[in-house]
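As structure tokens, the structure follows; a few thoughts come after it.
2 protein chains.
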Amino acid sequence: MTRTRLTAEERQAQLIAAAVTAFSQSGYAGTTTDQVARLAGVSQPYVIRLFRTKQELFLAAVQHAGDRIEAKWREAAERDPSLGGLGDAYGELLAQPELVTMLLHGFAAAGDPAIGDPVRACFGRLYEVVRELTGATATEARDFFAVGMLLTCLGAMRVLGPDAVPPQPWSADLLGTFEGLDKKMS
Amino acid sequence: MTRTRLTAEERQAQLIAAAVTAFSQSGYAGTTTDQVARLAGVSQPYVIRLFRTKQELFLAAVQHAGDRIEAKWREAAERDPSLGGLGDAYGELLAQPELVTMLLHGFAAAGDPAIGDPVRACFGRLYEVVRELTGATATEARDFFAVGMLLTCLGAMRVLGPDAVPPQPWSADLLGTFEGLDKKMS
DNA sequence: CACGTTAGTTATCGACTGATAACCTGTCAA
DNA sequence: TTGACAGGTTATCAGTCGATAACTAACGTG
Numbered sequence: 003m004t005r006t007r008l009t010a011e012e013r014q015a016q017l018i019a020a021a022v023t024a025f026s027q028s029g030y031a032g033t034t035t036d037q038v039a040r041l042a043g044v045s046q047p048y049v050i051r052l053f054r055t056k057q058e059l060f061l062a063a064v065q066h067a068g069d070r071i072e073a074k075w076r077e078a079a080e081r082d083p084s085l086g087g088l089g090d091a092y093g094e095l096l097a098q099p100e101l102v103t104m105l106l107h108g109f110a111a112a113g114d115p116a117i118g119d120p121v122r123a124c125f126g127r128l129y130e131v132v133r134e135l136t137g138a139t140a141t142e143a144r145d146f147f148a149v150g151m152l153l154t155c156l157g158a159m160r161v162l163g164p165d166a167v168p169p170q171p172w173s174a175d176l177l178g179t180f181e182g183l184d185k186k187m188s
Numbered sequence: 003m004t005r006t007r008l009t010a011e012e013r014q015a016q017l018i019a020a021a022v023t024a025f026s027q028s029g030y031a032g033t034t035t036d037q038v039a040r041l042a043g044v045s046q047p048y049v050i051r052l053f054r055t056k057q058e059l060f061l062a063a064v065q066h067a068g069d070r071i072e073a074k075w076r077e078a079a080e081r082d083p084s085l086g087g088l089g090d091a092y093g094e095l096l097a098q099p100e101l102v103t104m105l106l107h108g109f110a111a112a113g114d115p116a117i118g119d120p121v122r123a124c125f126g127r128l129y130e131v132v133r134e135l136t137g138a139t140a141t142e143a144r145d146f147f148a149v150g151m152l153l154t155c156l157g158a159m160r161v162l163g164p165d166a167v168p169p170q171p172w173s174a175d176l177l178g179t180f181e182g183l184d185k186k187m188s
């Protein structure tokens with residue numbers, strides 16, 4: 003078994019992907035740099051070497067999640083530049099909720115100013131991108147993000163998505179309101 | 003300085019209040035049982051003695067937040083049993099976002115099944131209470147909670163509430179859509 | 001006033017975790 | 001060949017944190 007040697011850039015990209023997976027499950031404080039390292043198949047000190055601190059690794063993961071969501075929306079807008087089109091794209095993201103849950107953990111950790119500032123910038127950019135792509139009014143965009151946040155929370159709660167728990171009366175009731183909106187729900 | 007001696011019940015109630023304050027700032031993994039203990043003016047081992055584990059303390063705090071929010075809604079419904087009435091009540095809660103942020107951290111920590119189950123039960127109960135109190139349809143209740151989740155996330159992000167950061171163009175734009183809905187925003 | 005019960009503390013431990021330092025090794029150009 | 005740089009590891013530490021054990025002190029009651 004020869005250890006595959008990658009460039010620092012490639013390794014960083016791989017580690018950021020691993021960080022998104024790990025942090026989206028247990029959040030900032032609940033995730034170990036060693037867990038991220040093992041996911042990528044490298045040693046824990048090397049993770050620190052490449053990102054300096056756990057915090058910078060976390061911020062890189064938040065940034066990556068924001069970038070991927072923005073890219074998804076831009077791609078969707080090329081076919082259907084309406085809120086409905088972006089909503090469908092968001093529904094597809096929720097089938098693999100890593101990215102959106104990562105963002106939620108960014109919100110949750112925003113109490114620390116060093117994390118809050120980049121997280122707000124990331125969310126603000128997403129808001130502006132949606133308005134720019136769809137031409138929606140502020141109120142329309144607000145309702146769009148409102149539903150998005152609800153779905154994101156439901157995903158984190160395991161009411162929704164691949165790791166969803168058996169439905170309860172209330173959750174079936176609530177999810178039923180999204181009929182015709184979910185395309186690729188597992 | 004004579005240490006005030008309380009009954010276990012009173013001390014538990016006091017500790018739960020302290021736990022809500024502490025956990026709502028740093029989340030489950032990011033908060034120390036010692037921080038909760040200091041907030042209540044007791045020793046850390048005594049917190050563990052009263053709640054057995056950190057996890058049970060956290061769950062008690064989540065439960066308490068859910069109960070308080072439910073009580074607030076029931077009280078509001080006596081005056082105005084409409085979604086608008088409950089929405090105003092929620093707006094008042096956001097002025098002191100401890101309770102709602104506590105709940106958000108419950109969602110974030112729901113990846114652990116031992117936490118997820120009670121958290122889902124808590125949220126499900128709130129959903130049913132809203133529908134029962136207002137007679138709203140599932141879709142109306144969904145939109146109500148959607149906006150609530152957005153506001154909760156914005157509070158956690160310090161876009162909203164007492165610890166809010168200076169507004170950005172996008173946040174002013176977004177918050178502007180709530181004009182006429184915010185009564186007691188600080 | 002003795003005495004059991006309840007409230008609370010101090011001391012301490014074992015496990016964990018982020019970070020540092022020192023070292024190793026494959027690759028490539030001269 | 002050699003040597004230097006970039007990728008990566010092992011060893012290790014200092015601090016932290018949840019939890020346990022043993023002890024102390026106040027209260028109420030017969």
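Top to bottom, those sequences are chains F and S. With the first letter of the first sequence counted as 1, position 134 gets the number 136 in my numbering; the numbers rise by one all the way through. With the first letter of the second sequence counted as 1, position 105 gets the number 107 in my numbering; the numbers rise by one all the way through. Idealized CB from N, CA, C, for every residue including glycine.
Residues of the stretch 144-160 of chain F whose Cβ lies closer than 9 Å to any Cβ of chain S, in chain order: Arg-144, Asp-145, Phe-147, Ala-148, Val-149, Gly-150, Met-151, Leu-152, Leu-153, Thr-154, Cys-155, Leu-156, Ala-158, Met-159, Arg-160.
Here Ala-79 (chain F) is near Leu-88 (chain F), since their CB atoms are less than 8 Å apart. Among the residues facing chain S, Leu-96 (chain F) is not included, as its CB has no counterpart in that chain under 8 Å away. For a Cβ distance threshold of 7 Å, residue set Ala-140 of chain S lies close to Asp-175 (chain F), ordered along the chain. In the same chain as Gln-16 (chain S), and ignoring 5 residues on each side of it, the C-beta atoms closer than 6 Å to its own belong to Ala-42, in chain order. In the three-state reduction of the DSSP assignment, Arg-144 (chain F) falls in the helix class. Annotated as proximal: Met-151 (chain S) and Ala-148 (chain F), with beta-carbon spacing under 8 Å. Setting aside the 5 residues that flank it on each side, Gly-157 (chain F) is surrounded in the same chain by Leu-96, Pro-99, Val-102, Thr-103, Gly-163, each with a C-beta closer than 7 Å to its C-beta; the list follows chain order. Taken residue by residue, none of the stretch 56-76 of chain F has a beta-carbon sitting less than 8 Å from a beta-carbon on chain S.
Residue-level contact by beta carbon fails for Phe-25 (chain S) and chain F, as no gap is shorter than 8 Å. Annotation for Ala-24 (chain S): the continuous alpha helix (DSSP H) segment containing it runs 10-32.
Arg-160 (chain F) and Ile-117 (chain S) have their C-alpha atoms some 11 Å from each other. When Cβ pairs closer than 8 Å are counted between the two stretches, the stretch 169-176 of chain F is seen to touch the stretch 121-136 of chain S, the count reaching three or more. Nearest CB-CB separation between Leu-106 (chain S) and chain F: below the 8 Å threshold.
Residues of the stretch 28-41 of chain F with a C-beta atom less than 9 Å from some C-beta of chain S are Ser-28, Gly-29, Tyr-30, Ala-31, Gly-32, Thr-33, listed in chain order.
For the 8 Å CB-CB criterion, Ala-63 (chain S) and Phe-25 (chain S) form a contact. Distance between Tyr-92 (chain S) and Lys-74 (chain S), taken at the CA atoms: about 8 Å. Within 10 angstroms of the beta-carbon of Thr-139 (chain F) lie fewer than 16 other beta-carbons, which makes it exposed. Where Ala-73 (chain F) is concerned, the enclosing alpha helix (DSSP H) starts and stops at 56-81. The beta carbon of Thr-136 (chain S) does not come within 8 Å of any beta carbon belonging to chain F, so the residue lies off that interface.
Nearest to Leu-176 (chain F) by alpha-carbon distance, out of S:Tyr-129, S:Gln-65, S:Gln-27, is S:Tyr-129.
When rounded, the separation of the alpha-carbon atoms in Pro-47 (chain S) and Glu-134 (chain F) is 54 Å. No residue range can be given for Asp-165 (chain S), since it is assigned to no alpha helix (DSSP H) and is classified by DSSP as neither H nor E.
For Cys-155 (chain F) and Arg-13 (chain F), the gap between their C-alpha atoms comes out near 31 Å.
If you ignore the 5 residues before and after Thr-33 (chain F), its C-beta comes within less than 6 Å of the C-beta of Ala-24, Phe-25, all in its own chain and listed in chain order.
In the three-state DSSP reduction, Ser-84 (chain S) falls in the coil class, being neither helix nor strand.
Sorting F:His-107, F:Val-121, F:Phe-146, F:Gly-137 by C-alpha distance to the C-alpha of Ala-31 (chain S) places F:His-107 at the top. The C-beta separation of Thr-35 (chain S) from Leu-59 (chain S) comes to about 7 Å, placing the pair in contact by the 8 Å criterion. DSSP, reduced to helix, strand and coil, places Thr-35 (chain F) within a helical segment of the structure shown. Here the C-alpha atom of Val-22 (chain S) lies approximately 29 Å from the C-alpha atom of Pro-168 (chain F). For Val-49 (chain F), the uninterrupted alpha helix (DSSP H) segment begins and ends at 46-53.
For Gln-14 (chain F), there are no C-beta contacts with chain S under 7 Å, since the nearest C-beta of that chain is about 25 Å from it.
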